[in-house]
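A quick write-up on the structure given underneath.
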Amino acid sequence: GIQVEQSPPDLILQEGANSTLRCNFSDSVNNLQWFHQNPWGQLINLFYIPSGTKQNGRLSATTVATERYSLLYISSSQTTDSGVYFCAVDTGANNLFFGTGTRLTVIP
Amino acid sequence: DVKVTQSSRYLVKRTGEKVFLECVQDMDHENMFWYRQDPGLGLRLIYFSYDVKMKEKGDIPEGYSVSREKKERFSLILESASTNQTSMYLCASSFGDWPEKLFFGSGTQLSVL
Chain D
290 GIQVEQSPPD LILQEGANST LRCNFSDSVN NLQWFHQNPW GQLINLFYIP SGTKQNGRLS
350 ATTVATERYS LLYISSSQTT DSGVYFCAVD TGANNLFFGT GTRLTVIP
Chain Y
6 DVKVTQSSRY LVKRTGEKVF LECVQDMDHE NMFWYRQDPG LGLRLIYFSY DVKMKEKGDI
66 PEGYSVSREK KERFSLILES ASTNQTSMYL CASSFGDWPE KLFFGSGTQL SVL
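Going down the list, the sequences are from chains D and Y. Just add 289 to wherever you are in the first sequence, counting from 1, and you've got this note's numbering. Just add 5 to wherever you are in the second sequence, counting from 1, and you've got this note's numbering.
Shown next as structure tokens:
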């Protein structure tokens, strides 16, 4: 099956810093989504981005499908950005395969 | 906003009990999913449904069944709960033809003793 690797596994930032999270996948995909899981366990959909670039406030994402990777950018990080960030991909099997996540801690 | 509601936040059951986890969505979504989340293993798909009374097995369906009698409700059933089914269970839904954005409920932490 498809492999989804996220890096780094853990990241600690000072409030106000910028960061880049990476998602590599091993096969062609027709669906890629980024999620944020807050410390209470709620998963929030950040982006649906099978290709191209999207921006939403301080967050933006870029997927280069031909190179099989996606990047999530967080600018001017805030403590509320803490949590685990997942990317998930679908190869056409009507099923999202999740990476193991990047745990982000933003300290004041 | 899309609302996906799971009936219980925490649940404690005994080995061998039959367990029902309920999920309701309020946005008329066609597709509904059940995942479990375990440390180090990430999220894994148990079952999904793309229409009323339809169901498809995911990656780890063993020990589980599902029911979708109404469009807004998707139930996960543990026929005879076992300790290795202790986990966080997450329900999700999406609109229309796949692929579409996935929206999650807040999860049910199930402990089987």
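Beta carbons: idealized from backbone N, C-alpha and C, even for Gly.
#1: Using the Cβ count rule (16 or more neighbours within 10 Å means buried), how would you classify Gln-344(D)?
#2: State yes or no: is the C-beta of Ile-51(Y) within less than 9 Å of the C-beta of Pro-66(Y)?
#3: Determine contact between the stretch 305-320 of chain D and the stretch 368-384 of chain D, defined as no fewer than three beta-carbon pairs at a distance below 8 Å.
#4: Just to confirm, is the Cβ distance from Gly-110(Y) to Gln-42(Y) under 9 Å?
#5: DSSP has Arg-392(D) in a bridge; who is on the other side?
#6: With distances taken between CB atoms, is the gap from Met-4(Y) to Phe-53(Y) smaller than 9 Å?
#7: Who are the neighbours of Gln-331(D) on chain Y, taking C-beta pairs under 8 Å?
#8: Report yes if the C-beta distance between Val-24(Y) and Leu-118(Y) is below 9 Å; otherwise report no.
#9: For Leu-332(D), which option in Asp-102(Y), Ser-92(Y) and Val-9(Y) has the closest C-alpha, if you only look at C-alpha atoms?
#10: Taking all protein chains shown into account, do 16 or more other C-beta atoms lie within 10 angstroms of the C-beta of Leu-321(D), making it buried, or fewer, making it exposed?
#11: Hey, out of Thr-352(D), Trp-329(D) and Gly-330(D), whose CA is closest to Pro-339(D)'s CA?
#12: Cα separation between Val-395(D) and Lys-75(Y)?
#13: What does Ala-97(Y) pair with, by DSSP beta-bridge criteria?
In this structure, then:
#1: To locate residue 344(D), count along the first sequence from 1; it is residue 55. Its Cβ having fewer than 16 others within 10 Å, Gln-344(D) is exposed.
#2: Residue numbering aside, residue 51(Y) sits at position 46 when the second sequence is read from its first letter. Residue numbering aside, residue 66(Y) sits at position 61 when the second sequence is read from its first letter. Going by C-beta atoms, Ile-51(Y) is nearer than 9 Å to Pro-66(Y).
#3: yes
#4: By one-based count along the second sequence, residue 110(Y) stands at place 105. By one-based count along the second sequence, residue 42(Y) stands at place 37. Contact: no.
#5: Counted from its first residue, the first sequence places residue 392(D) at position 103. Arg-392(D) is bridged to Asp-299(D) and Val-373(D).
#6: Since the first and last residues shown for chain Y are 6 and 118, residue 4(Y) lies out of range.
#7: Your numbering for residue 331(D) matches position 42 in the first sequence. Within 8 Å Cβ-Cβ: Phe-109, Ser-111 and Gly-112.
#8: Reading the second sequence from its first residue, position 19 is the one you call residue 24(Y). Reading the second sequence from its first residue, position 113 is the one you call residue 118(Y). Pairing Val-24(Y) with Leu-118(Y) gives a Cβ-Cβ distance that is not under 9 Å.
#9: Counting from 1 along the first sequence, the entry for residue 332(D) is found at position 43. Among Asp-102(Y), Ser-92(Y) and Val-9(Y), the Cα nearest to that of Leu-332(D) belongs to Val-9(Y).
#10: Taking the first residue of the first sequence as position 1, residue 321(D) is located at position 32. Classification of Leu-321(D): buried, given that the 10 Å Cβ count is 16 or more.
#11: As a first step, residue 339(D) is located in the first sequence; it is residue number 50 there, counting from the start. If we check each option's Cα against that of Pro-339(D), Thr-352(D) comes out closest.
#12: The residue labelled residue 395(D) in the question sits at position 106 within the first sequence. The residue labelled residue 75(Y) in the question sits at position 70 within the second sequence. Distance from the CA of Val-395(D) to the CA of Lys-75(Y), rounded to the nearest whole angstrom, comes to 42 Å.
#13: Position 92 of the second sequence holds residue 97(Y). Its beta-bridge partners are Phe-38(Y) and Phe-109(Y).
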